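> Add 507 to a position in the sequence shown, counting from 1, and you land on the number used in our numbering.
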Amino acid sequence: MDKKMVFRHDIKDFKFYIEASCVGLTRLQILSIDAEKTMPNTFDNKKNNLKKTHAIIQKTVEQLEEYLNGSLKEFDVPVDPEGTNFQKQVWNALREIPFGNVLSYKTIAEKIENPNAYRAVGMANNKNPIQIIIPCHRVVGMSNHLTGFGSGIDVKKKLLLLEGHRINSMMVLEDNIWT
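1) Measuring CA to CA, which of ILE525, THR654, ILE604 and TYR625 is closest to VAL586?
2) With H, G and I counted as helix, E and B as strand and the rest as coil, what does DSSP make of ASP551?
3) With DSSP as the reference, identify every bridge partner of HIS516, one or two as the case may be.
4) When the distance is taken between beta carbons, is PRO636 closer than 9 Å to ARG534?
5) Distance, Cα to Cα, LEU571 vs ILE518?
6) If you compare alpha carbons, which of ARG645, ASN592, LYS511 and PHE606 is closest to SER578?
7) Among PHE514, ASN608, LEU668 and PHE593, whose alpha-carbon lies nearest the alpha-carbon of ALA616?
8) Between the Cα of HIS516 and the Cα atoms of ALA600, CYS529, THR567 and ASN576, which residue gives the shortest distance?
9) Determine the direct distance from the alpha carbon of LYS595 to that of MET677, and round the result to whole angstroms.
10) Using a threshold of 9 Å, state whether the C-beta atoms of GLY657 and GLN536 are closer than that.
11) Write down every uninterrupted run of the alpha helix (DSSP H) in the stretch 568-643 whose length is 4 residues or greater and which is fully enclosed by it, in chain order.
12) Quick check on DSSP: helix, strand or coil for LEU535?
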């Protein structure tokens, strides 16, 4: 097993836990207050200076800053997520959803040619280790309702608003539904 580098970084209102192998990004999680308490305390950002860290982590931080400032629409950071073949198939389909668009779990299941697997697609989303770059926040439930997100619905809502969506209560309005 190859050694992974970890880094915690704050950008705007978000706290990120970032992990990379020599191949690519293995984990990117937006930390909630509760999640932050459970993250491995294997690093110290005072010692783990971004300029001295892993090139993939540097690129991830740079691109996250651009994304959160509204100037980046598509990430090109290499990813190396751990998961089952089915999960990886779903995550690859998620990466095809363009910035500013959303799809339903059912549509993702159809895109991977497994139309009855929409619940399994939801479970794969739940296990997504690389939030934002594998954009599970762009997946919505039936009738475009906002559904679960590992870092909470409020974070999902913030990301969708950042991408230009209009949201009424817990529903994405229909201007940006991708098919």
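All C-beta atoms in this analysis are idealised placements derived from N, C-alpha and C, irrespective of residue type, glycine included. Quick caveat, the model's predicted, so the values are computed rather than measured.
To lay it out plainly:
1) Comparing Cα-Cα distances from VAL586 to each of ILE525, THR654, ILE604 and TYR625, the minimum goes to ILE525.
2) Any reading at ASP551 must be qualified, since the residue scores a pLDDT of 46, below 50, and its modelled position is unreliable; the value itself is stated next. The three-state reading of DSSP puts ASP551 in coil, since its state is none of H, G, I, E or B.
3) The secondary-structure analysis by DSSP pairs HIS516 across a beta bridge with PHE523.
4) For ARG534 and PRO636, yes; Cβs fall inside 9 Å.
5) The straight-line gap from Cα to Cα measures roughly 8 Å.
6) Nearest option by C-alpha distance: PHE606.
7) It is PHE593 whose Cα lies nearest to the Cα of ALA616.
8) Relative to HIS516, the option among ALA600, CYS529, THR567 and ASN576 whose CA is nearest is THR567.
9) Looking at the backbone, the Cα of MET677 and that of LYS595 are separated by about 28 Å.
10) Contact: yes.
11) If we require 4 residues or more, the alpha helix (DSSP H) runs fully inside the stretch 568-643 come out as 592-601, 612-618 and 625-633.
12) Assigned with DSSP and collapsed to three states, LEU535 falls in strand.
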